[in-house]
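These protein sequence lines map, in sequence, to chains G, Y and D.
Note that numbering that gives the first Met the number 0 gives residue 64 to position 65 of the first sequence, counting from 1, and the numbers run on in steps of one.
Note that numbering that gives the first Met the number 0 gives residue 421 to position 422 of the second sequence, counting from 1, and the numbers run on in steps of one.
Note that numbering that gives the first Met the number 0 gives residue 93 to position 94 of the third sequence, counting from 1, and the numbers run on in steps of one.
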Amino acid sequence: MIPLQTSNTLPDWAALAPAIILAVTALALFLIDSIDPNDESPSMLAGVATLGSVLAMVVTGWYLVAGTGMPRTGGAIELFSGQLVVDGMSLFFTFIFTSVTALVCVASYDYLSGRPNQAEYYALVLLAATGMSVMASANSLATAFVALELSSLPSYGLVAYLKNDRGSVEAGLKYFLIGAVSSAVLAYGISLVYASAGVLELAAIAEALGAGIDNTGVLGVGILMVAGGFAFKTASVPFHFWAPEAYEGAPAPVSGFLSSASKAAGFVLAFRVFVTAFPLDVVAGTIDWALAFTVLALVTMTLGNFAAATQDKVKRMLAYSSIGHAGYALIGIAVLTGTADQSYALGASMLHLFVYGFMNTGAFLFVALVEYWGVGRTFEDYNGLAKQAPVACFAMTIFLFSLAGLPIGGGALSKWALLSATASAATLSAYLLAAALIVNSALSLFYYSRVVKAMWIEDPAGDFEVSSYPTGLYAAVVGAAIVTFLLLPAFGVVSGTAFDAAAALF
Amino acid sequence: MVSAFEFVPAIAVLPLVSFVVALAFGKWMPKKGALAGIFATVGSLLISIWTALTVAGFLGSETVYHAELWRFATGIGTFNLHLGVFVDPLSSLMLLIVSLISVLVFIFSLGYMNDEDETGLPRYYASLSLFSFSMLAFVFADNILMAFMFFELVGLCSFLLIGFWFREDAPPSAAKKAFLVTRFGDFFFLIGVVGIFATFGTGLFATEAGFPHMAEQAITGEMPGPVGEFLSAVGMGAQQWFTILGLLVLGGVVGKSAQFPLHTWLPDAMEGPTPVSALIHAATMVAAGVYLVARMYGFYLLTPTTLAIIALIGGFTALFAATMGVVKQELKQVLAYSTISQYGYMMLALGSGGYVAAVFHLTTHAVFKALLFLGAGSVIIAMHHNENMWDMGGLKEKMPVTYWTFLSGSLALAGIVPFAGFWSKDEVLYEALIHGLGSPVLLVAWAMGLLAVFLTGFYTFRMVFLTFHGEPRSDTAEDPESVRWNVKLPLGVLGVLAATIGFINMVPVAKLTGLKIDFLHKWLVGGEVLNAEFLTGLEHYEPILKEVAGIKASYIAGGEIPTLLISAALSLGLALAGVGLAYRLYAVPEPVAHTKKLGGLRTLLMHNYYQDEYQVWLAQGVTLPLARAADTFDQGIIDGVVNGISSVSLFSGDRVRRIQTGVVSNYAALLTIGLALLLIVFGIVGGWF
Amino acid sequence: MGNPWIAIGALALVGLLIPVGMMVISKLLRPSVPEQGKRSTYESGEVPTGDTRIRFNIQYYMVALLFVIFDIETVLIFPWTVIYRSALENGVGLTRVLAPMLVFVGILVVGLGWAWRNGAVKWVRSPRAEKRKDAR
């Protein structure tokens, strides 16, 4: 491996290669579609999209291994006068986005077969992924906002992709409207922060605030509104309302993409902005944002899980459970106070998002598979599915139990890491978070098991026959299951990178 | 040369293999799994013999063996849990007995089960093999946890076998009763096991690292560190705490060995197939309890209170069960009560310091009780499964082999010289007497045991005379079904043994003549290694008995030999008197039920002193309301809380669902309200205004 | 002295009071003559047909969107052109000055080409409007 920084084999801008590859792939797809607007070769479109995302993933992986932007090779790489930064954390999250994108592209090949506008679909997915990877690298509030919009706008379109499906269109519109409100909140928040600090670059904000805060009110409202904007992206309460509708109405691969990658993108932005621009010791007199995130985490995980428990459609249940998981991931930023091992806490959240990227995408892709078969959406419709498709149902069982935190996939270890992060914080609010995590995980086991029970134990209601076994969807589902499972033994490998990346931020 | 000790685990593993084979392939095998069992147990028997010869010192210098087989839990900073093998004179003797009886029971089953065309034979032989496996592994267990595990497995097998005919009414309920009653005792045993591990950090029976030795050190003054810490944490003296531990373990013993008051399962267990009864009573389940006390005798010796309780329970049970045996009408019921009574003797012996006597009686009893049960089985085959003795009579001419072997067993049970039972029972009573002279409690126990001798002689021969003598009292008895070699062979072997096995320890003869023919005594004394290193030899026990337990021998009529003679004469005389009374009453052509003369007492005896009724009352009148209260608590409060939580979750989940109205302007409003709330709260907290 | 927020609050209050005040005052002052014609959508004598809530043709939006995109492009190109020459004169390389804008325009060209090929600028008649016309 060539450590990029020390040998200077590549120019600095090459550190942005993953984002560039994604963007170029999206443009290539537009070009292909301009030449052939009737989508006559869907396999080529899916192939190009998959190739682009896999290439971006490989490059990211290579950078992670080679140590690009990490302390051992000379520290973070700043680009465009510090507007963008490439470091361990941005690469770690880019890896999540690109791998989820690859899974979604592979799965979409079968899901989209026979539907119009496939090129646009893949192009939007890749554009959103580009936006996310820029979000991971954003080092100023301006780029953060632009990147966030770049990932959001294609998402609105993707949710409404099924043009003739009322649910899909309605979900897209709701997502768009709530997104617009949230963007307004975020933009207003940024403007207030700018009013207090006079700069937009994250490190510079911290420096400016450290020199003295004139008007705590303006800054406080600004910080809280910025947090609100990120809460929209991560689907945290009270900005979560779009999530159940959008995830349920969207095509299932898009739901998986949004609930895993898009959520992780929101988190990376929140991590970087709050740790770099608003260090707690600097803004302590203004707002204790760790407390704010504690409240958000508690409410989010509880509300998500409680609502999930009463659903009767699997996809909607997964949507609410996804809100619950956002609550878990918020723990990492909520315990960044006092005695906590800060890089450990942040690393634990990163790990949870990493594992979640695979297990949750896998679960939604399984739903995509079921939608492909036309089975139905409720728990009852899943009855006896394991008799027809044991491999896919086995994979789904791994996803669900891993989501619940049983040691059958990496989910158990990442939840454990979150728990020990709360333990290291050792404050009352941290213990509250730990208790909520445990109670909610127990509750989640209840509704996840309902799906497993339906698939394996119940007898099928009608005489439904699974007619075909689509290769792409199967490959994506099984691949995600294998990674989810492998993250159990290989957790140590990933966790080292995550903790190092988190430590570099402080 | 290969040591037999290397093969000791195979003694237990062979029946385990046969269990698997019989279960999996029994259906297709010629004798439905019997052959696998026979081969396995014969193999076990051969290795047991080889082991015994090695222990005896004929085959090399190494005579004791201890090895860890498999450590299944390694503690960090605390104790380990493992399976291990410990072979010393006691366990090798027991291995021999168990495997011998198992072989014979398997062979007998060919006649009792296969020839009667029973269904479900693979299941039967599989359970039987598992039974042998569990008992053999229990016998060579080197620590109390392993012993407990196999103790429980023995209980499970008894459940399976007693309830073998599960389609009828009585066997399943008897199986449940056996299981539940013994489980009640095992509950205490389990607490005892945990207590022992917590106190000593080990469950080893032998060696200086074992818990009996640590307990001994604790009492004699050199307190081992961890034990001292534990005791000070508990806040009790060593003696007091060890007594509690001993009594807890004794709970399991009382349950398994059917001692008062947990004996009630055993008569009901007669519902199982007769060969199973033979195995349960002679060699496996019931023997397990007494064996356990003998195994950790070094520990019990340290607590005189426990010893006295053991002796009292034993003596009382011996008498108590014998009185009930007097009035029973079914052949196997009589034998069942005699089993309870005989195990009472063993407990009496153990409690009064007669270690050798107890083991001796365990050995002889295994032989003659197996014989009696198999004989009874033979009679039952002949009588087409009618067990009422009043329907029998005159079977002596029809089935001579059964009669003569059964007679041999009965003479042994009654304790008539020179049959096996005489020597062992005499030694039990003698030990109880000489130790009891210095201790009134033991003397009371001895008196009860002595009285039971008379009753034993009486009910045994009442049974013999009613079954075999006189005129046939039913059509079946006129023309009984004949039995084959596979019934007669085990009877023959055991018949000869019942007459002769007592010669291994003829203490009175040895004492009178000065000949060194008390072989069993010498066997249990063991070699130097056993006493110095493994600390389970008699030479190690005797000083503790005298010094710690304070049980010393004293004699009447001027010395050891007169006392011995008086004791022997007393027990023999009483036994003969019992036999004589039975002869006078029942050895007539047309015997009548003299027990009617007992009047109300008979009713009491027939109802087993209302033991079942009082236990049922205990269960229904006391336990059930308690259980109901607990259930109310559980259902109402615990479940209520749990259900409450779940319904609160579901309800609030439902509320949350309602918030999600689907109207996007509501969402925008709620979102704004949420943000505004956050702003207001943090604004006030942060003092922005 | 005093909380600076008071000024903002006062401004908001004034902002509310002025329009409300005007409406209230005119309500008090004007004579009330209810008449049918005053309640129609247009007080110009034209009788309106149908509802105001009709669907506009999607093409309006397409054109509007394209216009907005190129409008913003122009906004970004203006400052670039302003500094272009002076940057070159001050020794910044040609690629460094030209390439970013070429990439930016190139991306937009790809988008425009795609939109063109997919018929975004082709004014098609809505099938429903055609149908209505035929029915009339």
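Note that beta-carbon positions come from the ideal geometry of N, C-alpha and C, so glycine has one too.
Please go through the region 364-426 of chain Y and give each complete alpha helix (DSSP H) segment of 4 or more residues, from N-terminal end onward. 394-397 and 399-413
Chain Y contacts from the region 241-267 of chain G (Cβ-Cβ distance under 9 Å): 241, 243 and 244
Check whether chain D comes within 8 Å of residue 490/G, counting only Cβ atoms and requiring the distance to be less than that. no
By a C-beta neighbour count over all protein chains shown, 10 Å radius and 16 as the cutoff for buried, is residue 384/Y buried or exposed? exposed
Using the rule of at least 16 other Cβ atoms within 10 Å of the residue's Cβ for burial, across every protein chain shown, is residue 332/Y buried or exposed? buried
Does any C-beta atom of chain Y lie closer than 8 Å to the C-beta of residue 215/G? yes
For a contact meaning CB atoms closer than 9 Å, what does residue 643/Y contact in chain A? No chain A is part of this structure, whose protein chains are labelled G, Y and D.
Simplified DSSP assignment, three categories, for residue 6/G: Per-residue confidence for residue 6/G stands at a pLDDT of 44, beneath the threshold of 50, marking its modelled position as unreliable; the derived number appears in the next sentence. Helix.
Within the chosen definition, does the region 152-160 of chain Y reach the region 119-128 of chain Y through at least 3 CB pairs nearer than 8 Å? yes
How about residue 226/Y and residue 256/Y: are their beta carbons less than 8 Å apart? no
Three Cβ pairs or more, each shorter than 8 Å: is that satisfied between the region 318-337 of chain Y and the region 467-477 of chain Y? no
Within chain G, the residues that residue 112/D reaches when beta carbons sit closer than 9 Å: 29, 30 and 33
For residue 570/Y, which three-state DSSP category applies? helix
May I ask which residues mark the beginning and end of the beta strand (DSSP E) holding residue 67/D? Where residue 67/D is concerned, there is no enclosing beta strand (DSSP E), although the alpha helix (DSSP H) it sits in stretches over 57-88.
Which two residues bound the contiguous beta strand (DSSP E) that contains residue 83/Y? 80-86
Report yes or no: is there a C-beta of chain D within less than 8 Å of the C-beta of residue 218/G? no
Residue burial classification, residue 51/D (beta-carbon count within 10 angstroms, cutoff 16): exposed
Member of 27/Y, 31/Y, 562/Y and 281/Y whose CA lies at the smallest distance from the CA of residue 432/Y: 562/Y
Starting from residue 106/D and walking both ways along the alpha helix (DSSP H), at which residues does that stretch end? 93-116
For residue 456/Y, which residues of its own chain have a beta-carbon under 6 Å away from its beta-carbon, when the five flanking residues on both sides are left out? 413, 574, 577 and 578
What does residue 237/G reach in chain Y if we use C-beta pairs closer than 7 Å? 669, 670, 673 and 674
For residue 368/Y and residue 280/Y, I'd like the C-alpha separation in whole angstroms. 7 Å
DSSP state of residue 0/G mapped onto helix, strand, coil: Confidence at residue 0/G is low in this model, with a pLDDT of 40, below 50, so the placement of that residue should be treated as unreliable; the coordinate-derived value is given next. Coil.
From residue 202/Y to residue 45/Y, what distance separates their C-alpha atoms? 30 Å
Could you run through the region 53-68 of chain D and flag, in chain order, every residue whose CB is less than 7 Å away from some CB of chain G? none
Could you check whether residue 146/Y and residue 278/Y sit closer than 8 Å to each other, using their CB atoms as the reference points? no
Go to residue 84/G, then tell me how far its beta strand (DSSP E) extends in each direction, as first and last residue. 83-85
Return helix, strand or coil for residue 495/G, following the three-state DSSP convention. helix
If we call anything under 8 Å between Cβ atoms a contact, is residue 228/G one with residue 185/G? yes
List the whole-angstrom C-beta distance separating residue 135/Y from residue 95/Y, where the pair is believed to meet the contact cut-off of C-beta under 8 Å. Actually they do not touch by this definition, with Cβ atoms about 11 Å apart.
What does the alpha-carbon distance come out to for the pair residue 27/Y and residue 283/Y? 29 Å
Residue range of the unbroken beta strand (DSSP E) whose run includes residue 69/Y: 64-72
Partners in chain G for residue 666/Y, counting only beta-carbon separations shorter than 9 Å: 173, 176, 177, 180, 240, 241 and 244
Reducing DSSP to helix, strand and coil, say where residue 140/Y ends up. strand
Can a CB atom of chain Y be found closer than 8 Å to the CB of residue 286/G? yes
Counting only Cβ-Cβ distances shorter than 7 Å, please list the residues of the region 628-655 of chain Y near chain G, keeping chain order. 648, 649, 651, 652, 653 and 655
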